[in-house]
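> Its first residue numbered -4, the sequence shown is counted upward by one per residue in the numbering used here.
Here you go, one structure.
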Amino acid sequence: MKKFHKRLLILFEIIANIHILLSWLLFRVKYLSKQNNTSVNVSSPKTTDDLSEKKENLIQSVLSDSGNKSFLEIGIGMNPNIERVQLLLKNHIRYTACDFEFVCKNHSSVIRNHFPEENLTQIRFLGNKAGNYNWTLFELLKNKESFDLIYLDGSHTFYTDLPAFMLAHLLLKPCGILMIDDLEWTLNILKRNMAKSFFEYKFYRKMYNFAEYDEEQQATPHIKLIVDELFLKHLCYSPLEKYKHRSIDWVALKKSEL
Ligand SMILES: C[S@@+](CC[C@H](N)C(=O)[O-])C[C@H]1O[C@@H](n2cnc3c(N)ncnc32)[C@H](O)[C@@H]1O
């Protein structure tokens, strides 16, 4: 009976994947036909790996300089970066991660399998079953928590991340560091990546509703808008030159003392 159930589950999974594959092909066809006669390039820049390595180096250099600090990451990605986790453990950094519950579960089990000997009490995952991480961030604020470092790298869209940015501002200690990724990211870039890669499509397809934004807004980098208009102009954060790289759209901002 158990074997029968297992086989049935595998069959359902295969059918679900075929369904996602077909909807991806349709998404791709729609995306390509919208490009009209303009030369269509569904590939990312050749240097993507190189850029993400440089970005990772910037994150890790902030973490290397931050022993015994508390670190909140909002949006943690499909899989954990083991080297980064090693650094967190080595530097006794208290780590809180926010993302969808299923993403948090995956990170937690990969990390537990990778570090079976470690006492992982300094690492905590706070997953949202529905909606987005703003509810979780609000709960942290209600519980009077605060952090030395915050990395905001989630949805990158205005309606989700404007509240997330404001909550991050309130959760960050004076003189704390706010790291922000993908300043130049747009919904158009996401569409291109989803058309190019089945795995990107499978992961992101339910997270984004392109219809919430008009064409101009889909071509506008929402994160850059929020950072320039609110954090630099109004909230007086200052970019940390030490953690800058001219070809990387990533920034570390220092909160003022007040
Ligand atoms: C670019 S990835 C984060 C990468 C990660 N910070 C890193 O350095 O590898 C963006 C993350 O935001 C999460 N995200 C997007 N929308 C979300 C939502 N509504 N609720 C929770 N998490 C969300 C995605 O699940 C994804 O893991």
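Even for Gly, the Cβ is constructed at its ideal location relative to N, Cα and C.
1. Can you tell me where the beta strand (DSSP E) holding M319 begins and where it ends?
2. Check the DSSP bridge columns for S233 and list the partner residues they point to.
3. Buried or exposed, going by whether 16 or more other CB atoms sit within 10 Å of the CB of C93?
4. Going by the CB atoms, is the gap between M189 and F66 shorter than 8 angstroms?
5. For V37, which residues in the same chain have their Cβ closer than 7 angstroms to its Cβ, ignoring the five residues on either side in sequence?
6. Please tell me whether E113 and L84 are closer than 8 angstroms, where the distance is taken between their beta carbons.
7. Just checking T181 against ligand 1 - is the residue's beta carbon closer than 7 angstroms to any of the ligand's heavy atoms?
8. So who's on the other strand from F120, going by DSSP bridges?
9. Within its chain, find whatever has a CB closer than 6 angstroms to the CB of Q213; leave out the 5 residues flanking it on each side and keep chain order.
10. Would you report the Cα separation of E72 and R200, rounded to the nearest angstrom?
11. Return helix, strand or coil for M202, following the three-state DSSP convention.
12. Applying the criterion that 16 or more other CB atoms from any shown protein chain within 10 Å of the CB defines a buried residue, is P216 buried or exposed?
13. Let me check you understand the geometry: is the CB of M161 closer than 7 angstroms to at least one non-hydrogen atom of ligand 1?
On the basis of the coordinates in this document:
1. Coverage of the chain is limited to positions -4 through 253, which leaves residue 319 absent and any answer about it impossible.
2. Here the question's residue 233 lines up with position 238 in the sequence shown. K249, per the DSSP bridge assignment.
3. Sequence index remark: in the sequence shown, residue 93 carries index 98 (1-based). Result: buried.
4. If you number the sequence shown from 1, residue 66 lands on position 71. If you number the sequence shown from 1, residue 189 lands on position 194. No, these two residues do not count as a Cβ contact at 8 angstroms.
5. Taking the first residue of the sequence shown as 1, we reach residue 37 at position 42. Here the model assigns V37 a pLDDT of 43, short of 50, so the residue's position is not dependable, and the following value carries that caveat. Counting only Cβ-Cβ distances below 7 angstroms, and skipping sequence neighbours, we find R187, A190 and K191.
6. Translated into positions along the sequence shown, residue 113 becomes position 118. Translated into positions along the sequence shown, residue 84 becomes position 89. For E113 and L84, yes; Cβs fall inside 8 angstroms.
7. If you number the sequence shown from 1, residue 181 lands on position 186. T181: no, Cβ never under 7 angstroms from ligand 1.
8. Walking along the sequence shown from the start, residue 120 turns up at place 125. According to DSSP, F120 bridges with A92.
9. What you label residue 213 is simply residue 218 of the sequence shown in a count that begins at 1. The residues are L182 and N183.
10. Position 77 of the sequence shown, counted from the start, is the residue given in the question as residue 72. Position 205 of the sequence shown, counted from the start, is the residue given in the question as residue 200. The sequence shown places Gly at residue 72, rather than the Glu named in the question. The alpha-carbon atoms of G72 and R200 are separated by roughly 14 angstroms.
11. Against the sequence shown, residue 202 aligns to sequence position 207. For M202, the three-state secondary structure derived from DSSP is coil.
12. Here residue 216 refers to the residue found at position 221 when the sequence shown is read from its first residue. Per the 10 Å Cβ criterion, buried.
13. Against the sequence shown, residue 161 aligns to sequence position 166. Checking every heavy atom of ligand 1 against the Cβ of M161, none is found closer than 7 angstroms.
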